[in-house]
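According to mature numbering (1 follows the signal peptide of the UniProt record, and there is no 0), the stretch in the sequence shown is residues -21 to -1, 1 to 212, in order.
Each residue gets a CB set at the ideal place from its N, CA and C atoms; glycine is no exception.
It should be emphasised that the depicted structure is a prediction, and the values quoted were computed from it without experimental measurement.
For reference, the structure is listed below as structure tokens.
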Amino acid sequence: MKLLNSLILLVLTCLVSSINTQFISIQKYDFSGNCKNSSDSASSFEASSESAAICMQNDLLSGIVTNEGVCLIFNEVPTTFIISTKGDYIVRSIYDINDNNCQGGIIENKAIEIDECFVECADDYHGSTYLFSTETSLNYPSNTFMEISYNGECDGQWKTSFNYLQYYIVNKCNVAHEIETHTFSVGCNSTSSWVSEYAGEVCTVEPTVTTSYPIVDNCGDLDNSNFIDYCNI
């Protein structure tokens, strides 16, 4: 009887743990919006009045899926994300640009509404379109190149000790405006990934340069985290 009770308790504990586990999904879409006349356009989140129109799945460019509180680089600065106690918004905590472990103290907190498209403005005419959401299971799209951080045994079984992953939709034209305009597309196969860079803000011409990288499978880098690349095609 004691054994049966122990097994029931173990199952219930696993179920509660599974139910309480939430991942934060950050999806970046092709820019669509108006940043003109935004105050503090270099750093503020500007809500779009066309929230239902700008986050179309066909316009998805890249994304991040992360556990709460994990230190990662987001828009060029060290950042952590947590879900509010009531689960109605996500708190983005920004750290000093040189604080790659997010341990030197928070510079700024920003509250981000869940499941609402918004534009983070770079200037009057450029910005990035995002959609933040929460997930109870680990989800990511196909036709992507993925960079994954995980802890524990360095055996490639990253789903059991997952920190975060960043993905890029392959062969999609990305125009980044976080610090300066940078236009690129990403491709991959089982042995390598490559980044093609373009002049201007379109990818319809020949790339100015294409750089290839071997698929990464590193152990114990950056505060004992393991990193692995995955071509999810």
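For a test of the three-state rule: what should DSSP assign to residue i, helix, strand or coil?
i: F141; result: strand
i: Y209; result: strand
i: G199; result: strand
i: A155; result: strand
i: E180; result: coil
i: H105; result: coil
i: P186; result: coil
i: I194; result: coil
i: E132; result: coil
i: L117; result: coil
i: S172; result: strand
i: residue 214; result: Residue 214 is absent from the structure shown; the chain starts at -21 and stops at 212.
i: V165; result: strand
i: V149; result: coil
Taking all protein chains shown into account, decide if residue i is buried (16 or more other Cβ within 10 angstroms of its Cβ) or exposed.
i: K65; result: exposed
i: V149; result: buried
i: N37; result: exposed
i: A101; result: buried
i: E99; result: buried
i: Q82; result: exposed
i: S121; result: exposed
i: S41; result: buried
i: A90; result: exposed
i: C34; result: buried
i: S23; result: Its pLDDT being 40, under 50, S23 is placed unreliably in this model, and the coordinates cannot settle the point.
i: D19; result: At D19 the pLDDT is 44, less than 50, meaning the model places this residue with poor confidence and gives no usable figure here.
If you check the beta carbons only, do residue i and residue j fall under 9 Å apart?
i: residue 224; j: S4; result: The requested residue 224 does not occur in the structure, where the chain is confined to residues -21 to 212.
i: I69; j: I61; result: yes
i: Y8; j: L110; result: yes
i: N205; j: G131; result: yes
i: I207; j: C167; result: no
i: R71; j: F97; result: no
i: D103; j: I86; result: no
Sort the options by Cα distance to residue i and report the nearest one.
i: Y192; options: G179, V174, F206; result: V174
i: E95; options: E180, N153, T108, A101; result: T108
i: V56; options: G131, Y147, N80, M35; result: N80
i: T189; options: V195, Y177, N197; result: Y177
i: C50; options: G42, T123, S128; result: S128
i: N118; options: Y143, R71, D103, H105; result: Y143
i: S116; options: D67, I91, V44; result: V44
i: F124; options: S164, M35, V181, G179; result: S164
i: I93; options: Q6, I85, P186; result: Q6
i: T139; options: H105, Y146, E185, N46; result: N46
i: E180; options: V154, I76, T(-1); result: V154
i: Q136; options: L39, D67, C198, T58; result: C198
i: F10; options: Y146, T(-1), H105; result: H105
i: Q1; options: F141, E185, T187, S172; result: F141
i: N77; options: D67, S63, T58; result: T58
Complete runs of the alpha helix (DSSP H) confined to the stretch 25 to 96 [at least 4 residues]
If we require 4 residues or more, the alpha helix (DSSP H) runs fully inside the stretch 25 to 96 come out as 30 to 33.
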